[in-house]
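Contents: one structure, followed by commentary.
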Amino acid sequence: MSRIVIVGYKPKPGCDDQLAALMKTHVPRLRDEGLATDRQSIVMRTADGTFVEVFEWVSEAAMQAAHSNPNVQKMWAEYAELCDYVPVGDLPESAELFSSFSSFDA
C-alpha cells in the first residue's frame, strides 16, 4: 500500500533559491529509483518561507529502502546543506482549521 507523507523544509539563510531548485527534482529523483508514485506532488510555502511538500511513496518498504539507497542518500545530503526539516505540526498554519499556504510550482 502506498504512503502519502507531508514534510516541511525550512531554508537555511541564503539558500532559498537553491532549495527551490532542489525541490523541483525531489520526487522525479525518487521516481527514478522506483520509490515514489506517479501522483503529482503538491509543494507550498508558509508565511515564513518554509516549503511544505505532500508526495506519495510507492509503499512503506520503499520508504525504508530509501535509507539504504545511495542516490537518495546523496539527495538527502543536498537537502541537509540547504534546509532544516520542520514537523508540519510546528508550523503556525497547521493550528488553523483551514490551513492556508502560498502555492509553489515544483
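Here the working numbering is used: the sequence shown runs in plain steps of one and ends on residue 106. Where is the CB? At the ideal position from N, CA and C, for every residue including glycine.
Start and end residues, beta strand (DSSP E) containing residue i
i: Lys10; result: Arg3 to Pro11
i: Val72; result: Taken as a continuous stretch (DSSP letters only), Val72 belongs to no beta strand (DSSP E), being part of the alpha helix (DSSP H) at Pro70 to Leu82.
i: Val43; result: Ile42 to Arg45
i: Phe104; result: Ser102 to Phe104
Selected residue, minimal CA-CA separation from residue i, among the options
i: Ser99; options: Ala47, Arg3 and Thr37; result: Ala47
i: Asp16; options: Lys24, Gly49 and Val5; result: Gly49
i: Glu81; options: Ser2, Met1, Ile6 and Leu22; result: Leu22
i: Ser2; options: Pro28, Tyr85, Gln18 and Arg39; result: Arg39
i: Pro11; options: Ser103, Glu78, Pro92 and Asp105; result: Glu78
i: Thr25; options: Gly14, Trp76 and Pro13; result: Trp76
With 16 other Cβ atoms within 10 Å as the buried cut-off, status of residue i
i: Ala61; result: exposed
i: His67; result: exposed
i: Leu97; result: exposed
i: Ala20; result: buried
Sequence-distant residues of its chain with Cβ nearer than 6 Å to residue i (five each side left out)
i: Tyr9; result: Phe51 and Cys83
The alpha helix (DSSP H) enclosing residue i, as first and last residue numbers
i: Val58; result: Unbroken run through Val58: none, as it is neither H nor E.
i: Pro28; result: Asp16 to Asp32
C-beta atoms of residue i and residue j nearer than 8 Å
i: Met63; j: Phe101; result: no
i: Val5; j: Trp57; result: yes
i: Arg29; j: Asn71; result: yes
Residues of its chain near residue i, where Cβ-Cβ distance is below 7 Å and the 5 sequence neighbours each way are ignored
i: Val27; result: Ala36, Ser41 and Phe55
Beta-carbon contacts of residue i that lie in its chain and below 8 Å, excluding the five residues immediately before and after
i: Ser94; result: Val88
i: Asn69; result: Glu33 and Leu35
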